[in-house]
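Quick note, the first sequence lines up with residues 173 to 623 if you use the numbering used here. All residues carry an ideal CB built from backbone N, CA and C; glycine is no exception. Treat the numbers as computed from the prediction; the structure is a model and nothing was measured.
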Amino acid sequence: MTAARFRAKIGRPYERGEHVKPEARIGEIAKFEGKEVTLCGWVYNIRSSGKIHFLLLRDGSGVIQCVAGAKDVSPGTFEAMKSLTQESSVIVTGSVRAEKRAPHCGFELTLKDVKILQIAKDYPISPKEHGPAFLLDNRHLWLRSLRQVAIMKVRNTIIRAIRDFFDQNGFLLIDSPIFTPAACEGTSTLFETNYFETKAYLTQSGQLYNEATAMAFGKVYCFGPTFRAEKSKTRRHLTEFWMVEPEMAFYDLGDTMDVCEDFLCFVVSRVLERNRADLDVLERPAGPLENVRKPFPRITHAEAIAVLRKAGAEIADNADFGGDEETILTKQFDRPIMVHRYPAEVKAFYMKGDPADRSKALCVDVLAPEGYGEVIGGGQREDDLDTLVAAIKKHGLPEEAFTWYLDLRRYGSVPHSGFGLGVERTVAWLCGLHHVRETIPFPRMMERVTP
RNA sequence: UCCCCGGUAGCUCAAUUGGUAGAGCGGCGGACUGUUAAUCCGUAGGUUCGAGGUUCAAGCCCUCGCCGGGGAGCCA
173 MTAARFRAKI GRPYERGEHV KPEARIGEIA KFEGKEVTLC GWVYNIRSSG KIHFLLLRDG
233 SGVIQCVAGA KDVSPGTFEA MKSLTQESSV IVTGSVRAEK RAPHCGFELT LKDVKILQIA
293 KDYPISPKEH GPAFLLDNRH LWLRSLRQVA IMKVRNTIIR AIRDFFDQNG FLLIDSPIFT
353 PAACEGTSTL FETNYFETKA YLTQSGQLYN EATAMAFGKV YCFGPTFRAE KSKTRRHLTE
413 FWMVEPEMAF YDLGDTMDVC EDFLCFVVSR VLERNRADLD VLERPAGPLE NVRKPFPRIT
473 HAEAIAVLRK AGAEIADNAD FGGDEETILT KQFDRPIMVH RYPAEVKAFY MKGDPADRSK
533 ALCVDVLAPE GYGEVIGGGQ REDDLDTLVA AIKKHGLPEE AFTWYLDLRR YGSVPHSGFG
593 LGVERTVAWL CGLHHVRETI PFPRMMERVT P
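This is the structure:
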């Protein structure tokens with residue numbers, strides 16, 4: 173449309189530089205019942221019966237139906253509204269009233285005026301169905317949809333709850349570096365970067381650094397992005413994801429399991445408290461989340477193997493669990509389960525051996541229910557210098573890269589433990605999502621780094 | 001890295017055993033005073049992922065490649 177034609181169609185054109193601050197947000201529209209308000213937002217959908225327009229407006233906090241009869245607004249504005257399209261940006265003024273017939277929020281706005289900021293031409297995401305590839309290509313726009321907004325709100329609550337939990341329990345936030353000189357664990361593949369004349373790698377865990385800061389401050393946690401270059405293509409994997417990792421000096425495995433339990437209960441209850449409406453949008457039943465209460469079942473790896481065999485799975489005594497095994501296992505319980513004391517051979521070099529059985533590691537995985545799998549991995553760290561040196565050699569790792577880490581065992585070594593929680597897997601679980609790619613604003617996967 | 005599935009209009013998909021490429025939605029034009037993914041009428045829109053091959057004839061069959069999805073391993 174030409175500018176001249178656009179102006180001709182509009183009753184009251186929006187003048188550049190004319191600033192209108194929103195008086196209200198849709199999410200709190202109930203406070204304005206009976207009053208006239210100005211709302212700023214985007215057209216979610218528009219329907220018309222010729223002499224009456226129904227405009228669904230969204231502003232990120234909610235959606236409200238706005239109604240304009242032919243006599244409610246000026247003839248020019250009424251005519252201009254016919255040009256509105258999905259995602260056009262508008263500033264509307266009208267009076268708020270409760271309306272049972274209105275979808276979404278139970279209130280409706282009788283319009284008095286509409287200012288059009290910009291007409292969106294051919295918005296690619298229609299209200300109909302789309303495939304995942306198309307939606308991911310349009311992630312920058314997909315984020316506007318009600319579902320995606322609801323997920324991001326739950327994510328926000330989870331992140332806030334994580335920080336509040338540790339803050340309220342005497343932990344110090346002390347972040348670990350993103351650039352690291354070498355493998356933390358030696359198992360995962362790392363992203364390599366040019367670091368001036370040498371190489372550096374993107375971190376796959378802040379844990380080793382946490383062990384240093386725990387010796388300085390007692391109880392610490394780091395919270396930031398983590399990178400794994402593994403060529404994983406599953407619903408549980410991203411190459412860039414967020415992880416929170418607490419580390420506690422003088423805590424043993426049992427103490428750490430207590431923290432896991434309290435921590436998860438805190439996060440889940442916070443979401444239930446603040447995001448009921450978002451869970452409804454996502455059609456996520458709250459029932460299974462309300463079951464997330466202490467105590468969580470604690471079973472050893474050996475007991476888990478027995479449970480799996482009883483359920484018909486074929487699995488070796490010293491095997492780690494795959495996705496299928498995790499699903500079988502978690503479906504036996506109505507809340508997260510803590511599986512501890514895995515065979516030492518399948519775990520990282522820094523895991524402390526169980527004094528009662530050296531072939532077992534003092535570690536714990538927390539498996540979310542409903543088949544969501546491992547959301548937490550953690551355990552007690554080896555605190556004896558000689559044992560740790562031997563473990564590094566046994567895993568074929570370069571000892572010289574760990575001199576600083578070994579210093580922690582030379583100068584006042586103490587029992588200590590910690591764990592890591594994957595934010596995206598937690599969001600997927602609490603939101604009841606099929607895939608973690610919807611849980612982060614711009615997902616990074618093996619075959620995708622755009623937008 | 002391995003296994004499976006797929007790529008047709010802007011999107012979601014259809015197209016009989018190889019025989020004239022279609023629908024819904026979205027777009028555009030029009031009608032309609034309570035719509036609920038509104039409805040109704042009209043209309044435009046295609047290098048069927050790419051290259052090669054078989055055939056009178058290929059969206060369909062064959063080969064190679066590219067891209068995507070799901071899963072395995074590994075992991076949070």
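Item checked: Residue from Ala292, Leu534, Asp336 and Thr365 with nearest C-alpha to Gly437 -> Along the first sequence, one-based indexing puts residue 437 at 265. The identity of residue 437 in the sequence shown is Cys, whereas the question assumes Gly. Checked all of Ala292, Leu534, Asp336 and Thr365; the closest Cα to Cys437 is Asp336.
Check: Where Ala274 and Gln237 are concerned, what is the direct C-alpha to C-alpha distance, given to the nearest angstrom?
Finding: Residue numbering aside, residue 274 sits at position 102 when the first sequence is read from its first letter. Residue numbering aside, residue 237 sits at position 65 when the first sequence is read from its first letter. Roughly 6 Å between the two C-alpha positions.
Next item on the list: Please state whether DSSP places Ile487 in a helix, a strand or coil.
Entry: The count along the first sequence starts at 1 and reaches residue 487 at position 315. Coil.
Notebook entry, point to check: Closest by CA to Tyr216, which one among Gly232, Val209, Leu380 and Gly266?
Noted result: To locate residue 216, count along the first sequence from 1; it is residue 44. Of the listed residues, the one whose Cα sits closest to Tyr216 is Gly232.
Next item on the list: Note down, in chain order, each residue of its chain lying with its Cβ closer than 6 Å to the Cβ of Thr359, except the 5 sequence neighbours on either side.
Entry: Here residue 359 refers to the residue found at position 187 of the first sequence. With a pLDDT of 46 at Thr359, under the threshold of 50, the predicted position of this residue should be treated as unreliable, though the coordinate-derived value follows. Excluding positions up to five away in sequence, the list is empty.
Check: How should Met415 be labelled, buried or exposed, when 16 other C-beta atoms within 10 angstroms of its C-beta is the threshold for buried?
Finding: Counting from 1 along the first sequence, the entry for residue 415 is found at position 243. Result: buried.
Next item on the list: With Pro304 as the anchor, note down where its alpha helix (DSSP H) starts and where it stops.
Entry: Counting from one through the first sequence, the residue named residue 304 turns up at place 132. Note, Pro304: alpha helix (DSSP H), Pro304 to Asp309.
Item checked: Extent of the continuous beta strand (DSSP E) run through His225 -> As a position in the first sequence, residue 225 is number 53, starting the count at 1. His225 -> beta strand (DSSP E) spans Ile224 to Arg230.
Notebook entry, point to check: Can you tell me the Cα-Cα spacing of Gly484 and Ile477, whole angstroms?
Noted result: In the first sequence, counting from the first residue as 1, residue 484 sits at position 312. In the first sequence, counting from the first residue as 1, residue 477 sits at position 305. When rounded, the distance between both Cα atoms is 11 Å.
Check: What span of residues does the beta strand (DSSP E) with Ser220 cover, start to end?
Finding: Position 48 of the first sequence holds residue 220. From DSSP, the beta strand (DSSP E) with Ser220 extends over Glu208 to Ser220.
Check: DSSP state of His607, grouped into three classes?
Finding: Position 435 of the first sequence, counting from 1, holds the residue named residue 607. Coil at His607, not helix or strand.
Next item on the list: Figure out for me which residue from Val479, Gly525, Ile201 and Glu498 has the closest Cα to the Cα of Asp556.
Entry: Here residue 556 corresponds to residue number 384 of the first sequence, with the count starting at 1. Ranking Val479, Gly525, Ile201 and Glu498 by Cα distance to Asp556 puts Gly525 first.
Next item on the list: Name the residue from Glu542, Cys535, Thr559 and Glu554 whose alpha carbon lies nearest to the alpha carbon of Ile548.
Entry: On the first sequence, position 376 is the one that residue 548 refers to. Ranking the options by Cα distance to Ile548, first place goes to Cys535.
Check: Given that a residue counts as buried once 16 or more other Cβ atoms are within 10 Å of its Cβ, and exposed if not, what is Met429?
Finding: For the purposes of this step, residue 429 is taken as the residue at position 257 of the first sequence. So Met429 counts as buried.
Next item on the list: Compute the Euclidean distance between the alpha carbons of Glu498 and Tyr514, then round it to the nearest angstrom.
Entry: If you number the first sequence from 1, residue 498 lands on position 326. If you number the first sequence from 1, residue 514 lands on position 342. Cα to Cα, Glu498 sits roughly 14 Å from Tyr514.
Notebook entry, point to check: Just checking my contact of His588 with Met420 at CB under 8 Å: how many whole Å lie between their CB atoms?
Noted result: Counting from one through the first sequence, the residue named residue 588 turns up at place 416. Counting from one through the first sequence, the residue named residue 420 turns up at place 248. With a Cβ gap of about 6 Å, His588 and Met420 count as contacting.
Next item on the list: Tell me whether Ala522 is buried or exposed, calling it buried when 16 or more other Cβ atoms sit within 10 Å of its Cβ.
Entry: On the first sequence, residue 522 is found 350 positions in, with the first residue counted as 1. A small fix is needed here, since residue 522 is Tyr in this sequence, not Ala. Result: buried.
Note to self: With three or more beta-carbon pairs closer than 8 Å as the criterion, would you say the stretch 318–333 touches the stretch 286–297?
What the structure shows: no
Note to self: Quick check: Ile323 and Glu542, are their CB atoms within less than 9 Å of each other?
What the structure shows: Numbered from its first residue, the first sequence carries residue 323 at position 151. Numbered from its first residue, the first sequence carries residue 542 at position 370. No. Outside cutoff.
Margin query: Distance check for Lys482 and His512, CA to CA, integer angstroms please.
Written below: Here residue 512 refers to the residue found at position 340 when the first sequence is read from its first residue. Here residue 482 refers to the residue found at position 310 when the first sequence is read from its first residue. About 19 Å.
Margin query: Going by beta-carbon coordinates alone, are Leu313 and Glu259 separated by less than 9 Å?
Written below: Position 141 of the first sequence, counted from the start, is the residue given in the question as residue 313. Position 87 of the first sequence, counted from the start, is the residue given in the question as residue 259. Annotated as proximal: Leu313 and Glu259, with beta-carbon spacing under 9 Å.
Check: Rounded to whole angstroms, how far is the Cβ of Cys212 from the Cβ of Val192, which I believe are closer than 8 Å?
Finding: Counting from 1 along the first sequence, the entry for residue 212 is found at position 40. Counting from 1 along the first sequence, the entry for residue 192 is found at position 20. Confirmed, about 7 Å.
Check: Who are the near neighbours of Asp347 in its chain, counting only those whose CB is closer than 8 Å to its CB and skipping five residues on each side?
Finding: Indexing the first sequence from 1 puts residue 347 at position 175. These residues qualify, in order along the chain: Gly378, Cys394, Phe395 and Gly396.
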